[in-house]
Each structure stands twice: as structure tokens, then as C-alpha cells.
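Protein sequence lines correspond, in order, to chains A and B. Counting from 1, position 111 in the first sequence corresponds to residue 110 in numbering that gives the first Met the number 0; the numbering is continuous, with no gaps. Counting from 1, position 137 in the second sequence corresponds to residue 136 in numbering that gives the first Met the number 0; the numbering is continuous, with no gaps. Backbone N, C-alpha and C define an ideal beta-carbon position, used for all residues, glycine too. Written out below as C-alpha cells is the structure these notes cover.
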Amino acid sequence: MRRSPKELEATHRKMGRRALLLGGAQLAFAGALGMRMRYLQVEQADQFRLLAEENRINIRLIPPARGKLFDRNGVVIAQNTPSYRVVIVPEDAGDVDVILSRLSQLIDLVPTDLERAQTEMRRSPPFLPITVADQISWQDVSKIAVNAPALPGITPEVGLTRVYPQGADFAHVVGYVGPVSDYDLDRIDDPDQLLRIPRFQIGKVGLEAKEEDNLRGKAGAKRVEVNATGRIMRELDRREGQPGADLQLSVDADLQAYVQARLGVESASAVVVDCETGDLPAIASAPSFDPNLFVRGISVADYRALTENPYRPLANKTVQGTYPPGSTFKMITAMAGLEAGIIGADDTVYCPGHLEISGRRFHCWKRAGHGHVDLENSLKQSCDVFYYDLALKVGIDKISAMAKKFGLGVRHDLPMSAVARGLAPDRDWKKRNHGEDWLIGDTANAAIGQGFMLASPMQLAVMTARLATGRSIEPRLVKSVNSAEQPTGAGTPLDVNENHLRLVRRAMFAVSNDRRGTAYRSRIIEDGYRMAGKTGTSQVRNITAAERRAGVIHNRDLPWERRDHALFVDFAPFDNPKFAVAVVVEHGGGGSVAAAPIARDITLQALYGGTPPLAAYPSKDRSKIKAQQERLRRERPGGDKDGKDRA
Amino acid sequence: MSYLEHSVKSVPSGLRKIAYLNWPLVLLLISVAGVGFLMLYSVAGGSFTPWAEPQMKRFGVGLVVMLIVAVIPIWFWRNVAALAYALTIVLLILVDLIGEVGMGAQRWIDLGFMRLQPSELMKITMIMLLAAYYDWLPAKRISRPFWVVIPVLLILLPTLMVLRQPDLGTSLLLIIAGGGMMFLAGVHWAYFVAVLSAGVGLVVAIFQSRGADWQMLKDYQFRRIDTFLDPASDPLGAGYHITQSKIALGSGGWTGRGFMQGTQSRLNFLPEKQTDFIFTTLAEEFGFVGGISLLTLYILITVFCIFIALATRDRFSSLVTLGIALTFFLFFAVNMSMVMGLAPVVGVPLPLVSYGGSAMMVLMVAFGLVQSAHIHRPR
């Protein structure tokens, strides 16, 4: 087709104009791109560079080893042992199903674990290890290692788990650890990042929980470079963590084991306090449980068995259990009377078997009465009327103040769970809490450790240690932290007259050593180790007038949970007190029968640092004691070293 | 005055043609491709495999192809334009029938030695056909409706076929390049105003269609638009590409982290790091300076093409060259807008830099045409 040059020229010029227009538009757009580049790369560079670092660098925590727990002689109470688990890396395994079926022929795989592993596998990238079996034995690990060529992608991994080699003996002392739960995290304001590590163990109960900060240690960290899918490309640097502090307890594992065995199947507890330092060579609550069960994750059936047991094995009765101290409180009433100057050593009260107080008759345990009793006899024979009379003269406020001075009704700061405060009531307390006036009858009840009065076995042991030493002994459970000795509980002299203390101690000596003393049958005859004690029997029920007329039913004929609590406190040796002991047998009946023999055995065991010679026992008991010692020795597989003279 | 009459005697012949190539343009192309090799070497973690080496071989082949195309007289290409267009349409149909499924879209035919993407080829053959059409069409008829409808159909036919694959990026590129060709050819501006308003209407309609029975785009295409509009809404899902690529760019700063030091691309935070998102690696490692340099190279190539087009008095040559310049511009402009978060992620490679055979080969053919137009220009 022919065209005129003019026409050609015109279209060409038009095209040129439009080409320049379009080219201009393109340049403008390119300019905009340049501006955008400048904005992103220059103006916002810092912000994006930060984001890039965050992308690239990942901080992985290195869990620290939890602090170990030792007894006062270095015996391990809690430690960390390697626990083995099996992980599979699906990427390396190839056919996961085949590999897992091969693995199941080698070791027992838990179906629920497998199911969980399979769901995890679907969700996570194929290079991440997934746990298929946890807490497997060393034998299983070696089986896997031997068959490694047939099991690509399967590797045994090692982690640390808490183990309590002493089992049930220390369950109540140290508690146990367990995996961090959502509840734990909610409770803590600013949870340590460590707690978010899967399977990280945290103290749940007892010392493990209370000393968590000491025991946990500080997390180490490693900075790793990761790619977009989270695979670790290389480690950039590593800061080692700080392992948790090792704690040495003041408990003596041998004595603790003995005490636990001696308490046996009773619902009972015993506390031994060192009279010099406030150390707790034994602090046992029975029945106990195996804390290792909780670390591994307790089965529903096991847990139900523990919670439904009427003897409450999960409760640490030494500090959580509070009981009316009964007659063991009479030393306090006596001290209050002595300090107030109301009675002297030779003052006597006539006990006809009861005392009429504002129209109500308060009975002495001995219906026939004790006749004329002085202070020593009142304690020795545990005359109630003497103390009714004395308390009415002294008044409740002074008695309450004296109780607090000796550590009752005050909270002792121990790293254990739910340490009870007990109760040493006074007028104010009743007004505040019951909205009622204090009655004179309340004073009479308080005088013999009944009524509102409540004390834990721990408090009773502390009270006894204070009576024995005249110092404000405080219990000390943790002896040293990372070998740094903790302050002792030796305390300061109590602001009481030493002569008054001596009177009370002598009366307590008579309880255990005078033929007419309530604990004479449970005496120690070894001269250097004579003990001074006091029985107590605290009522759990009120004896009605009708019952009394019908004749008080004997404990043996009552259902277990309505029987009296049996209590006994003592210290020994009398001349140079080393240990104070408190024993409470729940619903055990009379203190002299149920609690005193146990306390005596424990005291001797503590004094000898092992099985005491039979010569320390009254001769007619020796055959029985020998049989008992042999039985206990059999029950404790660890055995028991022979008694060495310690005092 | 016929083209043949006055040109043949002044056009160089034989090997002398090589000397008449626009050498600055060749050097610019080699520079850009060189940047590409460098980046492919870097994203492979300092290795020629798997990307840099094949890319270099292809570029070598591409240069030879460009020379071959360049020495063949431009009027030959004008005469085969219609045939090339028809052939490409046939190939597009073939893709539908025998094409392999890749990335969820049927796009290429495996020729054995290379994978051919007819949609890439379409960009060139459509431009050739439109240029030939307007070279043939008398100036008086250019803006007459009948003669406007014909090129529109020529543009829409391949566009709809590509859209069916589905390849939103390429179809948009075809529409814009075709429209640009019509604009350059001198079609009355009123048509463009009308089409643009209709286009706006269509966009509104597309958004209205979402979720309805007559939904016009696939769900993933909608999601891409969504995340383009608000990348933060789904930073780990669909918005991940845009967010990560902006992070990579931004962390480059003025001068970058240095060659092979880009953490974002090396650690796989970037998707398609060797193809569509390769610019982010460049920007991260060489910073603003590197990015703006590449942009400058691209602009220079475009400008050289426009100059070549304006310097020739042959209408086909001018239109083809301008069309190629526009297509080339659209390639890098859309790609850069995409990685800088100015456009949705539509899957357009960075020309001559991104790893990929078809796109590079087609571009080299295109620049061969530009060179041919330059060599065989009437003097």
C-alpha cells in the first residue's frame, strides 16, 4: 500500500509525541520506584534491620540442673538422674510407620504416646524431633543403640529428671517436683522463661516448692541462627546457665528413716529438734507416700488411693496438723503461774477429782482425785484440777502470752507447705473471731491444753526444746545452701526465771522417771541419757454429762476417728539436753500408752545415732524391744548402723 | 516512498551488520545479566549451581539468538508477524491440552531441551502483529471503530487464554502492552478514556463478585489482593512474602550488608528467592545503592530502545521497538513494585536477572528485533 510522505510524516510525528509521553510516564514511575526504594532502605532501614535480626536469631534456653538435696551427713535426698526418651525425626526416618513398628518390637510403646506423636508429626516440620517414648530404661536405650542401623531417624535422648532415692521417708520433708502446669504459670506474676520449656520440672509441694528460687538455678542460653522453617543452621554463642543451689538439710536420713518406720502404719507424726541449733534431725509424718510417683505423673488409681485414705498420707502432719496439746500444755500453764508469782514450788492444791467453776463441774482425769498436789506432782500425775485452779488465778492472757513465748500459736518459718500457726487463744482473739466474751470455763479448758488451744507437733517439739534450754530455739530445716551455713535456730535466752524452768524440768523428769509418773513405763534407764517428758491425751469429743453418768466409754470401744489423740513430748539427756521430741498419734488413745514409747524409742535412737543398746531400756521391756528392733531392721532394707555413743 | 526503495542500498550487509549493532544496548544487557549471575550465585550460598551456571549458559545462547534475529532484516519479521502470532496461539492451546501442571497453573510445554512458556512468547508476537497491523493500516482508518475493534480482539484473544491458565500477571502485562501499542499507533484518546472507565467498573465488579456464584477470580487471587492491601493482616500466611521481602529490602540500608551477607534470602525467609524475589537479595546485599543502580540500568535500556524507535523512520520498526521497550519496562516496574509492596504479588520475573529460561529467551529475541530495527533502519 502506498502512502504519501506527508501522511507518513504526520503519523510518525504523532507516534513520536505519544512515545515521549509514554516514556515520560515510565520515567515518572521509575522515579516513584526509586523513591519507594529510598523510603524502605534509607528511612526505615533501622526498623527493618531489627526485624531481620529477629527473624534470623533465635534464643534457645538451656535448662539448668536443679539443685540437689542432702541430709546433714551428705546422704542424697533428691538428685537429678538422666532420663531417657526416644525421639524420631520424620525426615530422617523415611517411612515413619515402618520404623515405628520396628521400634515397637524392640521396646514397649505406650499407645497414647504414639497417638500424640503422630498428631505432632502432622503439625510440625519434618526435621523437628518428636518424642515417641518417655522415661524408658537404660536397657531399652541400649536395645535401640544396638539396632540403630535398622532405625534411621530414631535417637534416644537424655534429659534430667528428679529422683528421690529415700522414697517415702522424705516425701513430707521435701515434697516433690512435677512438670509446670498452667495453674503454676498463672500463679506466678512474671514467670521465668524456663518454665515454658516443655517437661521442665518445678517444685510442687514442700521444700521443693518453697525453695524453688534457690533450687531452680538460672537458665543458660544459646543464640542460634535459624532459617525460615525454624531449622537451626548454626550456634552463634552460648552462655552457660547456673545450676540450682545444693541444699543440705538438717535432717538425719538414718534417724528419719527410723522414725518413719517406727511410726509405721499409724496416723502419726514425730519431730526431733536439736536443742543447740534448732536443727530437725527427724521430722516425720505417717503414713507417707512415694514422691517419685508424682514426678513420673501419678496414675488416677494411685492418687485416689492416697486422697481417700482416712489416715491422710498426703498431709504433712508435723507442721500442717494441729491438735489440742492436752496435758503437754501444762508446763506452759505452770510457767505462767510461776512467772506471775502466783504459785511456788511448795504450794499445793487439793484435788477432789473435779473443780466447780461457775456452776459447771470440771473433771480431773482421775475421778477419785489426787488429793493434795504440788507443782511437781501435778505434772507427774497430770492432775487437771491443779491447773484449773492455777489458770483461774493467772488468767488466760498471761497463759496465752507464755504459750507464745514458748513458740505455740506463732508461725515458725519453715520452708514447708502450709505450715500451721496453731492457736494460743486470749480474750481478744475470742472477741474478734467468735464475737463472744471469754468465759472462765474457757480458761480452765485452756489450762489443760483443750478447748481452743491448738498446736502442731513441730510447735510442741519447739516448746519442749525451749523448756529444756531456756532459749528461743527456732527450727532450722535448711542447714546450708551451696555449703554456706545458714544461721542456726539457737535463739536468745527467753526472758524467764531459770529457777522456774528448773522446777518444771524437774517435774517433767519425774513424769518419766518417778514410779508414779505417767510415763514411767517408757523411761530410759541409761544414766547419762535420762529423759524428761510429758504425756498428753487430747479429746476430740466432748464427754457429755449423760456419758459420764453411764461411765466414760473406753477409747478402745470407740470408732477410730472419735478416739483421743495421744501426745508425748520429751527432751534428753536431762542434765544436758540435746534433743527435744514431740510425738502425736492421731486417735491413738492415751499419751502414756500410744505416744510415750514411740517418743522414747526415737529419743534413744537420736541419742545413740543408731540402734540403742537394750541396756538403755527397762529390763522387763527388753525382749519386746529386741523383737521390735529386729522387725524395724527388716522393714528398712537399707539397714541401720549400730548405735554409737554421741552424747 | 516505499520502504524498500530507499533502504536496501544503504543497509549494511553480511557480517558488517554486526558492526552496526547498537553496542551500548548490548553492553547494558550484559551488565544487567551479570548482576543476575552475581545474585543467583549469592542466593545459592556462593555456588554456581543450581542457578548461576545454567543461567549463564542460557544467556550465552540468548546472545547468539539475539544476533541471529538482529541480522535478519526487520521486514522479514514484519512479514512473519501474523504467522508468529497464529503459531503462538496454537501453542497456547497446546498448553491447555498437553501442558504440564506446574505451580497449580498450566503454563509450559516441555520441549525436551527447554520448557517453553507460550505466554511469554505471546508478549513478543502480539507486539509484532500489532506493529505490522498499524504499519499496514492507513492513518485515516486508525481511529475508526471497526479498525479499533480488530486489534482489541487480537489483544483479548491471547489475554483470555493466558488468564485461563491462570496467569494474572502475564494477562495484565498483555493488556497494558497491547493498549500501549494502540496508544502509540495513534488511536484516538477518547477510546482510552472509555476503556479506562470501563476498567474501573470491571474492578468494582470483580470485587462485587467475591463470594457470589459468578466469582470472577480464584480465591488465591483475591487473597493476594487482600494481602497486598494489608500485608500485616496475615504476616505468617499470605502476607508473608510481602512482609519478608520488605524486611529484606529495608535491612539493606544505604550500602547493604555486603555480597553474600544477606541473611534474609540466604536463610530462606524469602520465597522464590531465585526468581520473582531476587531483587530483594540484591537490595539486601548491596543496599539502596545497588538497587538504584539496577533501576538505572533498566531505565537506560528502556530509554535506548525509545531512542532507537524514534531514530528509525520505519513505522513497523518504531512500533515494535516501542512495544518491546514498554513490555520490558512493565516487567521490571511490576516486579519491583511487587517486592517493594506497591503491587500485589502477581508472579512477574525481574527481566534478565530472575532465574528462568523462557523469559530470558523471549527477551533476547525481543532485543534481537530491536537490534534488527536499528541495523536495518532506513538511512
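In the structure shown, the three-state DSSP call for B/Phe258 is coil.
For B/His373, the uninterrupted alpha helix (DSSP H) segment begins and ends at Gly356 to Ile374. The continuous alpha helix (DSSP H) containing A/Tyr257 extends over residues Ala252 to Leu262.
Cβ contact annotation for A/Ala281 (same chain, cutoff 6 Å, sequence separation greater than five): Leu254, Gln255, Val258 and Val271, in chain order.
Inside the segment 461 to 516 of chain A, DSSP marks whole alpha helix (DSSP H) runs of 4 or more residues at positions 497 to 512, from first to last along the chain. Scanning chain A for C-beta atoms nearer than 9 Å to the C-beta of B/Trp253 yields Gln40, Val41 and Ala44, reported in chain order. For A/Asn376, there is no enclosing beta strand (DSSP E); the enclosing alpha helix (DSSP H) has its first and last residue at Leu374 to Lys379.
Assigned with DSSP and collapsed to three states, B/Val192 falls in helix.
Taking 8 Å as the cut-off, the Cβ atoms of A/Val503 and A/Pro414 do not count as close. Listed along chain A, no residue sits closer than 9 Å to B/Phe366 by beta-carbon distance, the nearest being about 17 Å off. With a threshold of 8 Å between beta carbons, A/Glu473 makes no contact with chain B. Using beta-carbon distances, A/Arg303 does not count as an interface residue toward chain B, since no partner is under 8 Å. A direct Cα-Cα distance of roughly 38 Å separates A/Tyr302 from A/Glu239. DSSP places A/Leu566 inside the beta strand (DSSP E), whose first and last residues are His564 to Ala571.
Against chain B, the CB of A/Arg237 has no partner CB under 8 Å away; the residue lies outside that interface. Apart from the 5 residues on each side of it in sequence, A/Ser377 sits with its Cβ closer than 6 Å to the Cβ of Phe385 in its chain, given in chain order. Per DSSP, reduced to three states, the secondary structure at B/Leu14 is coil, with no helix or strand assignment. Considering only beta carbons, the part of the segment 173 to 193 of chain B lying closer than 8 Å to chain A consists of Gly179, Phe182, Leu183, Ala184 and Gly185, in chain order. A/Arg59 has a beta carbon lying at 8 Å or more from every beta carbon in chain B. For A/Glu90, no chain B residue has a C-beta closer than 8 Å to its own C-beta; the minimum C-beta separation is roughly 16 Å. Put simply, the backbone Cα of A/Leu246 is about 10 Å away from that of A/Gly73.
A distance below 8 Å separates the beta carbons of B/Leu39 and B/Gln273. In this structure, DSSP gives A/Glu307 a helical state, which the three-state scheme calls helix.
Exclusion of the five residues before and after A/Gly516 leaves Lys379, Ala509 and Val510 as the residues of its chain whose Cβ lies within less than 7 Å of its Cβ.
The Cβ-Cβ distance between B/Ser41 and B/Glu284 falls below 8 Å.
Between A/Thr332 and A/Ala446, the C-beta gap is smaller than 8 Å, which places the two residues in contact.
Under the Cβ criterion of 8 Å, A/Lys221 is not counted among the residues facing chain B. For A/Asn432, no beta strand (DSSP E) segment is defined; the enclosing uninterrupted segment is the alpha helix (DSSP H) at Arg426 to His433.
Using beta-carbon distances, A/Thr154 does not count as an interface residue toward chain B, since no partner is under 8 Å.
Within the segment 81 to 106 of chain A, no residue has a Cβ lying closer than 8 Å to any Cβ of chain B. As the crow flies, the alpha-carbon of A/Arg101 is around 8 Å from that of A/Ala149. For B/Arg77 and B/Thr280, the gap between their C-alpha atoms comes out near 40 Å. Close to chain A, meaning a Cβ-Cβ distance shorter than 8 Å, are the following residues of the segment 301 to 321 of chain B: Thr301, Val302, Ile305, Ala308, Leu309, Arg312, Arg314, Ser317, Leu318 and Leu321. When Cβ-Cβ separations below 8 Å define contact, A/Gly15 makes contact with chain B.
For A/Ser266 against A/Arg311, the beta-carbon gap comes to about 7 Å, under 8 Å, which counts as contact.
Comparing alpha carbon positions, the residue from B/Ala85, B/Thr124, B/Val60 and B/Val347 closest to B/Ile323 is B/Thr124.
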